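Number of protein chains: 2
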Amino acid sequence: MRDFSTDHRWLSINTATVRQQRGQDWPLLDILDACGQRGIRAVSPWRDQVAAAGLQATANKLQEHGIELSGYCRGGMFTYTDAASRQASRDDNRRALDEACTLHAPCLVLVVGGLPGALAGHAAHRDIAGAREQVNEGIAALLDDARERQMPLAIEPLHPMYAADRACINTLAQALDVCDALDPGRTGALGLAVDLYHVWWDPTLAVQIQRAGPDANGDGSRLLAFHVCDWLTPTTHLLEDRGMMGDGVIDIPHIRALVEAQGFAGYSEVEIFSRGNWWRQDGGQVLDTCIERHRRCV
Amino acid sequence: MRDFSTDHRWLSINTATVRQQRGQDWPLLDILDACGQRGIRAVSPWRDQVAAAGLQATANKLQEHGIELSGYCRGGMFTYTDAASRQASRDDNRRALDEACTLHAPCLVLVVGGLPGALAGHAAHRDIAGAREQVNEGIAALLDDARERQMPLAIEPLHPMYAADRACINTLAQALDVCDALDPGRTGALGLAVDLYHVWWDPTLAVQIQRAGPDANGDGSRLLAFHVCDWLTPTTHLLEDRGMMGDGVIDIPHIRALVEAQGFAGYSEVEIFSRGNWWRQDGGQVLDTCIERHRRCV
Chain A
20 MRDFSTDHRW LSINTATVRQ QRGQDWPLLD ILDACGQRGI RAVSPWRDQV AAAGLQATAN
80 KLQEHGIELS GYCRGGMFTY TDAASRQASR DDNRRALDEA CTLHAPCLVL VVGGLPGALA
140 GHAAHRDIAG AREQVNEGIA ALLDDARERQ MPLAIEPLHP MYAADRACIN TLAQALDVCD
200 ALDPGRTGAL GLAVDLYHVW WDPTLAVQIQ RAGPDANGDG SRLLAFHVCD WLTPTTHLLE
260 DRGMMGDGVI DIPHIRALVE AQGFAGYSEV EIFSRGNWWR QDGGQVLDTC IERHRRCV
Chain B
20 MRDFSTDHRW LSINTATVRQ QRGQDWPLLD ILDACGQRGI RAVSPWRDQV AAAGLQATAN
80 KLQEHGIELS GYCRGGMFTY TDAASRQASR DDNRRALDEA CTLHAPCLVL VVGGLPGALA
140 GHAAHRDIAG AREQVNEGIA ALLDDARERQ MPLAIEPLHP MYAADRACIN TLAQALDVCD
200 ALDPGRTGAL GLAVDLYHVW WDPTLAVQIQ RAGPDANGDG SRLLAFHVCD WLTPTTHLLE
260 DRGMMGDGVI DIPHIRALVE AQGFAGYSEV EIFSRGNWWR QDGGQVLDTC IERHRRCV
């Protein structure tokens with residue numbers, strides 16, 4: 020396993036981690052300046068932050084600091100209730116792909132969607148199996164667009180507590196089944212974003228990480244992105260109470276070792292939504308804490 | 020599938036559903052009176068409620084109303100940090116078995132425990148695989164005591180959001196693996212409590228329910244208990260924001276059909292923890308609502 024203790028060359032910051040500090044949006048271009056000043060070499064920005072900053076301005080700022088992307092957040096939300104919403108999803112996902120290309124992202128991360136309407140509190144139905152079929156269709160269609168653009172798609176299985184409203188792909192096994200069905204040749208066009216917050220609890224974690232890894236020739240790995248934060252006890256909010264690495268119960272080095280044993284050699288991306296703690300602090304201090312914890316706890 | 024629409028003979032009330040109404044504990048004996056008055060034929064009481072009411076007084080009250088148990092809540096919490104806490108867990112679980120026998124419960128429900136100390140906010144370690152080994156050991160030891168008393172043990176897989184602090188058995192597949200290891204003969208001594216709140220999201224749900232069902236001769240089912248409530252969108256608290264059947268996104272009749280296709284013919288037990296809504300209402304009205312929803316939404 021790589022030694023992270025002496026530098027932070029493999030640290031990436033998911034920009035949601037510092038998106039709103041002390042009650043105010045921290046503009047993306049300022050976040051990138053703060054990352055550049057600290058020698059942070061990679062980020063994963065969210066589309067709304069990029070839209071607010073401007074796509075080309077974001078690309079220019081990344082180039083100015085020599086910062087690359089560890090992923091682009093996010094495509095997905097494939098579930099729909101009618102032909103119009105299905106088409107709107109597909110169109111929006113194509114735009115996300117184009118933005119990812121402009122920013123030279125290594126992959127577009129997919130949060131696939133739950134029961135349509137549930138995120139707004141009004142689920143259109145209770146048919147999660149049907150939602151999963153729509154997701155499979157949606158990924159299949161987007162995969163054609165992604166192959167054209169040579170932009171890999173990274174399915175992010177979300178924790179089962181988000182099955183209703185955010186993503187009905189909830190385990191690595193389920194995501195890998197989709198990968199195997201849609202990209203049996205393991206071409207690199209379709210893979211996983213492994214976020215420890217979502218998968219740490221899975222009793223089949225080691226088996227599925229191995230399954231995601233490359234074949235005997237070292238080819239065809241599905242491991243496209245690796246996200247870290249921590250699970251707090253107690254967790255006081257389903258979405259916005261993630262912990263900083265080291266503050267919770269996830270054995271991060273153990274899981275990183277599993278992923279690296281499969282040849283993963285990319286960034287470790289910190290993604291923390293924390294309304295009650297980290298979003299209340301100075302953004303620069305949060306970045307400094309991410310660097311320190313990356314060295315000590317990842 | 021049985022028709023529940025015309026009566027509530029297969030309704031059971033988990034007494035946590037009405038344990039504290041309008042800020043005050045509702046004493047168990049009063050709950051049992053209220054259930055008896057409504058023709059509710061079964062309950063599943065919690066040990067602390069039974070202890071407060073008195074074990075024999077509870078048994079007498081159950082007999083007075085002709086109410087039986089659909090389960091006894093709960094044994095488990097097998098994880099430990101030292102020999103003393105391990106022994107304390109075993110002793111307490113034996114007492115739970117004895118109480119279950121006195122109350123003529125059909126099974127003792129097991130919530131197996133998470134990382135030791137995590138429920139109090141101070142996890143002793145991050146080794147969830149180790150915790151799972153302790154759980155397997157603990158169930159194996161308790162199974163000897165349970166067989167002596169002819170009291171079946173029902174492992175309740177808890178939602179993955181409780182993996183850290185309440186139960187590190189988090190899927191039906193995992194629970195069935197334990198059953199297969201410890202009771203390969205499917206003797207009836209070890210099985211499952213299937214609570215829809217915990218398992219509804221599982222993409223392998225139908226497969227695992229089938230696996231839990233009986234063999235070709237109709238023998239050896241692992242399905243010992245069936246719990247219902249609903250998953251709300253949004254869910255505002257990890258533990259105490261469960262919904263009444265019909266108010267959320269779980270397709271309850273669909274899953275009940277899967278369970279009954281495997282020969283399950285027992286009670287449908289309502290277990291709702293709801294600090295913000297149902298615990299704030301009059302207990303009798305909550306029971307009336309359970310009856311109405313049982314007929315219409317289960």
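In the order they appear, the protein sequences are chains A and B.
Per the working numbering, the first sequence starts with residue 20, numbered consecutively.
Per the working numbering, the second sequence starts with residue 20, numbered consecutively.
We put the CB at the ideal spot given by N, CA and C, even for glycine.
Quantities reported herein were computed from a predicted structural model and do not represent experimental measurements.
Close beta carbons around residue i, own chain, < 8 Å, minus the five adjacent residues each side
i: A/HIS256; result: ARG294, GLY295
i: A/GLN75; result: THR121
i: B/MET170; result: LEU116, ALA119, CYS120, ALA124, CYS126, LEU127
i: B/ARG314; result: PHE23, SER24, THR25, ASP26, HIS27
Under 9 Å by beta carbon: chain B residues contacting residue i
i: A/GLN153; result: The contacting residues do not exist; A/GLN153 stays about 14 Å from chain B at best.
Per-residue contacts from residue i into chain B (C-beta, under 8 Å)
i: A/GLN193; result: PRO222
DSSP three-state assignment for residue i, whether helix, strand or coil
i: B/LEU138; result: helix
i: A/ASN33; result: strand
i: B/TYR91; result: strand
i: B/ILE50; result: helix
i: A/TRP318; result: An answer regarding residue 318 of chain A cannot be provided, because it is not within the stretch 20 to 317 covered by chain A.
i: B/LEU127; result: strand
i: B/ILE174; result: strand
i: B/ASP101; result: coil
i: B/GLU288; result: strand
i: A/GLN281; result: coil
i: B/SER293; result: strand
i: B/GLY42; result: coil
i: B/GLY267; result: coil
i: B/GLY262; result: strand
i: B/VAL305; result: helix
i: B/LEU257; result: coil
i: B/TRP298; result: helix
i: B/MET20; result: coil
i: B/ASN236; result: coil
i: A/ALA143; result: coil
i: B/VAL226; result: helix
Contact set for residue i: own chain, Cβ-Cβ below 7 Å, skip 5 residues either direction
i: B/LEU122; result: THR77, ALA78, LEU81, LEU88, TYR91
i: A/ALA194; result: ILE174, PRO176, ILE188, LEU211
i: A/ALA159; result: LEU201
i: A/SER108; result: MET96, PHE97, TYR99, GLY157
i: A/VAL218; result: PRO176, LEU191, LEU224
i: B/GLU279; result: MET20, ARG21
i: B/THR254; result: ASP260
i: B/GLY207; result: PRO171
Bridge-paired residues (DSSP) for residue i
i: B/ALA244; result: B/ALA212
i: A/ALA186; result: A/GLY132
i: A/ASP249; result: A/GLY262
Residues that residue i contacts on chain A, provided the C-beta gap is smaller than 7 Å
i: B/ALA142; result: THR252, VAL268
i: B/ALA137; result: THR252, VAL268
i: B/SER257; result: Here the sequence assigns Leu to residue 257 of chain B, which means Ser is not the residue at that position. Simply THR254, LEU257.
Closer than 8 Å at the beta carbon, the chain A residues around residue i
i: B/HIS178; result: PRO179, MET180
Where residue i meets chain A, residues with beta-carbon distance less than 9 Å
i: B/ASN189; result: PRO179, TRP220, ASP221, PRO222
Chain B contact residues for residue i, given Cβ-Cβ distances below 7 Å
i: A/ARG145; result: VAL268, ILE269, ASP270
i: A/ALA183; result: TRP250, THR252, VAL268
i: A/LEU134; result: VAL268
i: A/LEU74; result: None at all; the shortest Cβ gap to chain B is about 32 Å.
Cβ neighbours of residue i in the same chain (closer than 6 Å, five flanking residues each side left out)
i: B/LEU161; result: ASN112
i: B/HIS141; result: none
i: B/ALA137; result: ALA183, ASP184
i: B/TYR286; result: TRP29, SER31, ALA61, SER89
i: A/ARG105; result: TYR99
i: A/CYS198; result: LEU209, ARG241
i: B/GLU288; result: SER31, ASN33, SER63, SER89, HIS246
i: B/ALA143; result: THR100, PRO135, GLY136
Residue i: CB within 6 Å of a non-hydrogen atom of the ligand MN
i: A/TYR286; result: Absence of the ligand MN from the depicted structure is noted, as is the absence of any ligand whatsoever, leaving it without description.
Any chain E beta carbon closer than 7 Å to residue i
i: B/ARG185; result: In the structure shown, chain E cannot be found, because the protein chains are A and B.
Legend entry - Inter-stretch contact (C-beta, 8 Å, three-pair minimum) for the region 183-201 of chain A and the region 210-229 of chain B: yes
Inset, instruction - Decide if the region 263-273 of chain A is in contact with the region 243-253 of chain A; the criterion is three or more beta carbon pairs, one per stretch, under 8 Å apart. - result: yes
Inset, instruction - Pair every Cβ in the region 64-78 of chain A with every Cβ in the region 29-37 of chain A, then say whether three or more of these pairs are closer than 8 Å. - result: yes
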